[in-house]
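The sequence shown runs 0 to 302 under numbering that gives the first Met the number 0.
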Amino acid sequence: MEFNILVLGSGAATPTYTRHCSSQLVNICGSHILIDCGEYTQNQLRKYHQKIQGIKMVLISHLHGDHFFGLPGLLSTMHLLGRTEPLTVFAPKGAREAIELLFSVSGTVLRYPIEFKELDCSEPTLIVQERFYHITAFPMQHSLPCYGFLIVEETPLLNLKPQARLLYNMTNDDCVRVKNGEDLVQEDGTVVPNSLLTLPPRQPRSYAYCCDTAFDESLSSIVSGANLLCMESTFDEAFKTMAEERFHCTASQAATIAKQAGVKLLMLTHFSARYRDIGPLLAEAKAVFPDTIAAEDGATFCV
Ligand SMILES: [Zn+2]
């Protein structure tokens, strides 16, 4: 089942030639979820051949411009392209008012409905429950109300043992029922226990997004065991004081969270425009947590 992340922007507050402001497109089982929408996000969607109308929902971590200023333009483009499907937007308080004001003064009347859902929680809270995945929002430490997101697959179906289908002459419907945990009832009434037919499913995969936040070790338990953790690492340790003042993390601090959380892979993102080469940040993080990679605009990562 598909579960991947396309990085649309991996820079911090100001874009550079190679890094745009924060945005990612998550594809989980065919559902396209946009996380953050910095300026130029819609251009990046075009550049990387993504269907703008295919976006099902938008998650905005906080209302700083580098995470939010691309949203009005994207919503307007969806309208101009003829969207009629509803769109759900999760964002902190103020997003709805800002968007509605912009559309009011520009005489924009959307032809599709937007359902704004306000993020306002002091502990991890389930915000989306779909058939194949769920999403939890959790508060982070930043200069504005800011939320991280944890996207988790639902437990996959059981796996049929090799030869089980042939051995017991199972129909397609039998297979579906057995993979969902039922015993097999054969035509003569014989019951074959599910345990004879199936193997355990693989572990559900999870993706955690933490951007922007000050160093906060309590995040470790929330993102514990994630297959992929995306952490902001705006600065290196030489700018640790500035990171604290601005409620951001250093690469080393991001890696500390990853290590404490026991995640499988850490992806650094949200690099300050001061770094032309983020190699030193990557090295700093790898010294703490070796399984670290750096986000790049246009790169896709499998969860
Ligand atoms: Zn930011």
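Even glycine gets a Cβ: it sits at the ideal position worked out from N, Cα and C. Owing to the predicted nature of the structure, the values given are computational and were not obtained by experimental measurement.
- Set against 7 Å, the gap from the CB of S271 to the closest heavy atom of ligand 1 is not smaller.
- In this chain, the beta strand (DSSP E) harbouring G147 covers 145 to 152.
- With a beta-carbon spacing of about 5 Å, A294 and V6 fall inside the 8 Å limit used to define contacts.
- Distances taken from the Cβ of A12 to the heavy atoms of ligand 1 include one shorter than 7 Å.
- Distances from the CB of S21 to the heavy atoms of ligand 1 include at least one below 7 Å.
- Counting only residues of its own chain and dropping the five nearest sequence neighbours on each side, P14 has a CB closer than 6 Å to the CB of C20.
- The Cβ atoms of L86 and I113 lie closer than 8 Å to each other.
- Taking 3 residues as the minimum length, the beta strand (DSSP E) runs contained wholly in the region 131 to 207 are 132 to 139, 145 to 152, in order along the chain.
- Comparing alpha-carbon positions, the option among I27, Q41, V88 lying closest to L62 turns out to be V88.
- Judged by pairs of C-beta atoms under 8 Å, the region 70 to 83 touches the region 107 to 124, as three or more such pairs exist.
- The region 256 to 264 makes contact with the region 220 to 234, as at least three CB pairs between them are under 8 Å.
- DSSP, read as helix, strand or coil, puts K239 in helix.
- Along the region 212 to 295, the alpha helix (DSSP H) occurs as fully enclosed runs of 4 or more residues at 218 to 221, 239 to 244, 250 to 260, 278 to 287, listed in sequence order.
- Listed in chain order, the non-local C-beta contacts of S22 below 6 Å within the same chain comprise L7, G8, D35, C36, G37, T40, local neighbours out to five positions each way being set aside.
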